[in-house]
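Beneath this line is the structure, given in structure tokens, with notes to follow.
Protein chains: 2
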Amino acid sequence: MSSPKLIFFQFKTRLQNPDYPTSPNVWRVRLALNYKNLPFTTVWVDGPEIAKTCIAECIPNLDFFADGTPHYTLPALIDATNPDAPVKLVDSKRIVDYLEDTYPEIDPQRALYPPGTKSFQALAYYFFREAVMIHLRPLSVAGAAALQTDRTCAAYLVRHRESYEKAQRMEESGREKGWETAKSALDLMESFIAENGDPQAPYFAGQNITFTDLSIAANLIYLKLSLGDQEFDKHIRAHNGGRWGRLLDAFAKYM
Amino acid sequence: MSSPKLIFFQFKTRLQNPDYPTSPNVWRVRLALNYKNLPFTTVWVDGPEIAKTCIAECIPNLDFFADGTPHYTLPALIDATNPDAPVKLVDSKRIVDYLEDTYPEIDPQRALYPPGTKSFQALAYYFFREAVMIHLRPLSVAGAAALQTDRTCAAYLVRHRESYEKAQRMEESGREKGWETAKSALDLMESFIAENGDPQAPYFAGQNITFTDLSIAANLIYLKLSLGDQEFDKHIRAHNGGRWGRLLDAFAKYM
Chain A
0 MSSPKLIFFQ
10 FKTRLQNPDY
20 PTSPNVWRVR
30 LALNYKNLPF
40 TTVWVDGPEI
50 AKTCIAECIP
60 NLDFFADGTP
70 HYTLPALIDA
80 TNPDAPVKLV
90 DSKRIVDYLE
100 DTYPEIDPQR
110 ALYPPGTKSF
120 QALAYYFFRE
130 AVMIHLRPLS
140 VAGAAALQTD
150 RTCAAYLVRH
160 RESYEKAQRM
170 EESGREKGWE
180 TAKSALDLME
190 SFIAENGDPQ
200 APYFAGQNIT
210 FTDLSIAANL
220 IYLKLSLGDQ
230 EFDKHIRAHN
240 GGRWGRLLDA
250 FAKYM
Chain B
0 MSSPKLIFFQ
10 FKTRLQNPDY
20 PTSPNVWRVR
30 LALNYKNLPF
40 TTVWVDGPEI
50 AKTCIAECIP
60 NLDFFADGTP
70 HYTLPALIDA
80 TNPDAPVKLV
90 DSKRIVDYLE
100 DTYPEIDPQR
110 ALYPPGTKSF
120 QALAYYFFRE
130 AVMIHLRPLS
140 VAGAAALQTD
150 RTCAAYLVRH
160 RESYEKAQRM
170 EESGREKGWE
180 TAKSALDLME
190 SFIAENGDPQ
200 APYFAGQNIT
210 FTDLSIAANL
220 IYLKLSLGDQ
230 EFDKHIRAHN
240 GGRWGRLLDA
250 FAKYM
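Those protein sequence lines, which keep their order, are chains A and B.
Numbering that gives the first Met the number 0 numbers the first residue of the first sequence as 0 and each following residue consecutively.
Numbering that gives the first Met the number 0 numbers the first residue of the second sequence as 0 and each following residue consecutively.
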């Protein structure tokens, strides 16, 4: 097989040094590419250019808006390894699954989906998003908005208007409540992890990284960037005996 | 190793022929024992005798009531294989985990916990209980109460008073709403299962039975017994392309 030729479309942000995206979905793909040691080139796309770029590259839309117009978004990936039949993908989970299927790990301990875990991992991914992240969205959206480029920011605020307006209306007690609810859900996650019988094991399923860890780490990175180190460290880093800080540190080399 | 000598304490019910319990927790252990082909003798315990029986057998209490008195409940298991050191257990999950650890399957495909799935399965078990079953409890409690022995029924209604009173107040529209919410959660479960890429595979993780399937099947049996065949078949059997009816049928030989 020839060396993979992967082109990865990430949202441009203000974070030029280092070049970091701020979307958890983009992070999920980026962590997967780096964890799997797959070389890639990045195309940084500013908000107003997303649809134009996708159309020009024949990258499909993710879905449709309520009014029927196609919804183009990132991350997107082109695998041009076979120049006669380039693969063009959107949706972070679909992209990671494609990479795992197309460039499988030789060492079974590095598989993102150990045998018989796909349905369980789909549930874990859903649960983390709906039980933890949903309560932090209004908190993180305002911070994430400030990290967008000038050209992207307006579109970002339109896309996340509901969370942003909620954040604007939110009293300090509302922030605390969001944190308390999210941290209760993290406690639940910790209770599931404890079933491994090895509470110091760094990852959700124990000693090996799975898709679930990529997803959680991507969200933690997003929270750290958008909320800032101080609020992140105060609420998450040390929670559950430092589990989430350790997870973030373990993924630092894949950022 | 000598042949296991297992004594299984189940709630006595009106269902004498066949001898069926009506608690999903008791069913979970019963399905595990039969799936693992472990011989056992049953002690059927009527409600008012539970605490007395547990104390006499030195079976520990599960937890404590709010007023500090110990809460004795079933299922319970005594493993008297080693007569000098009998093992006495309560809590259906702890019992199943003990059986799996103590009498592991030789065929890895029959393991209730394939490697790296313990934390994922703890999440799946929690999710099924909290997203599906919780919405059906008021519907099923009244039916389950009618299946208890005369001596058990009063204690059963005290234990499940909140759900029972909710059921008494519930209009037909309330029942429909409970079903709709539970069925939406089943749709979610189905979407996770679909990630296997093999939608006809009978079990949550694909072709092999795991602890998660025991838990779901135990709850389906409980629903079928307490709600009756007609309501069960109308709402669950055919839902999600017949998945839940097929699961129940697959477990019939372990009942």
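Glycine residues also receive a C-beta, built at the ideal position from the N, C-alpha and C atoms.
Asked, Found
"Contact with chain A by Asn-207 (chain B), beta-carbon distance below 8 Å", "yes"
"Option nearest Tyr-34 (chain B) by Cα separation, candidates B:Leu-187, B:Arg-168, B:Val-95", "B:Val-95"
"Under 7 Å (Cβ pairs) to chain B, residues found in the region 221-243 of chain A", "none"
"Three or more C-beta pairs below 8 Å linking the region 21-29 of chain B and the region 77-97 of chain B", "yes"
"Short-range partners of chain A found in the region 109-132 of chain B, where Cβ spacing is below 8 Å", "Pro-113, Pro-114, Gly-115, Thr-116, Lys-117, Ser-118, Phe-119, Gln-120, Ala-121, Leu-122, Ala-123, Tyr-125, Phe-126"
"Contact with chain B by Ala-184 (chain A), beta-carbon distance below 8 Å", "no"
"Neighbour list for Phe-191 (chain A) in chain B, Cβ cutoff strictly below 8 Å", "Ser-118, Phe-119, Ala-121, Leu-122, Tyr-125"
"Neighbourhood of Phe-231 (chain B) by C-beta distance below 7 Å, restricted to the same chain and skipping five residues each side", "Leu-222, Lys-223"
"Outcome for Lys-117 (chain A) when other beta-carbon atoms lying within 10 angstroms are tallied against a minimum of 16", "buried"
"Entirely enclosed alpha helix (DSSP H) segments - the region 150-228 of chain B, minimum 4 residues", "160-168, 171-193, 210-226"
"Range of the contiguous beta strand (DSSP E) that encloses Gln-9 (chain A)", "5-10"
"Ala-249 (chain B) in three-state terms, based on DSSP", "helix"
"Proximal residues of chain C, C-beta to C-beta of Asn-24 (chain B) below 7 Å", "Annotation note: the requested chain C is absent from the structure, which comprises protein chains A and B."
"Alpha carbon of Met-169 (chain A) to alpha carbon of Arg-158 (chain A), nearest angstrom", "19 Å"
"Per-residue burial, Arg-136 (chain B) [other beta carbons within 10 Å of its own, 16 or more giving buried]", "buried"
"Buried or exposed by the 16-neighbour rule on C-beta atoms within 10 Å, applied to Asp-66 (chain A)", "exposed"
"Span separating the alpha-carbon of Asp-197 (chain B) from that of Ala-110 (chain A)", "19 Å"
"Cβ pair count under 8 Å reaching 3, the region 189-205 of chain B against the region 160-180 of chain B", "no"
"Delimiting residues of the alpha helix (DSSP H) encompassing Phe-39 (chain B)", "Segment 39-44 is the beta strand (DSSP E) holding Phe-39 (chain B); no alpha helix (DSSP H) there."
"For Asp-78 (chain B): DSSP bridge partner residues", "B:Leu-5, B:Val-86"
"Classification of Gly-240 (chain B) by the beta-carbon crowding that lies within 10 angstroms, buried from 16 upward", "exposed"
"Exposure label - Gln-108 (chain A); buried when at least 16 CB within 10 Å", "exposed"
"Any chain B beta carbon closer than 8 Å to Ala-216 (chain A)", "no"
"Terminal residues of the alpha helix (DSSP H) in which Phe-119 (chain A) lies", "117-126"
"DSSP bridge partner residues for Phe-63 (chain A) (one or two, in chain order)", "A:Pro-69"
"Beta carbon of Lys-87 (chain A) nearer than 8 Å to that of Ile-133 (chain A)", "no"
"Under 8 Å (Cβ pairs) to chain A, residues found in the region 194-205 of chain B", "Glu-194, Asn-195, Gly-196, Phe-203, Ala-204, Gly-205"
"Contact check, Asn-218 (chain B) vs Phe-127 (chain B), beta carbons under 8 Å", "yes"
"Nearest-angstrom Cα separation, counted from Phe-210 (chain A) out to Ala-123 (chain B)", "16 Å"
"Beta-carbon proximity of Ala-255 (chain A) to Val-140 (chain A), cut-off 8 Å", "With chain A running from 0 to 254 in the structure shown, residue 255 (chain A) is simply not present."
"Nonlocal neighbours in the same chain, by C-beta distance under 7 Å from Leu-138 (chain B), ignoring five residues either side", "Ala-166, Arg-174, Gly-177, Leu-226"
"Nearest-angstrom Cα separation, counted from Glu-129 (chain B) out to Ser-183 (chain A)", "15 Å"
"Heavy atom of the ligand NAP within 7 Å of Asn-33 (chain B) beta-carbon", "Summarising the ligand content, the structure contains no ligands, and the ligand NAP is consequently not present."
"Buried versus exposed call for Ser-214 (chain A) [16 or more other C-beta atoms within 10 Å across all chains shown]", "buried"
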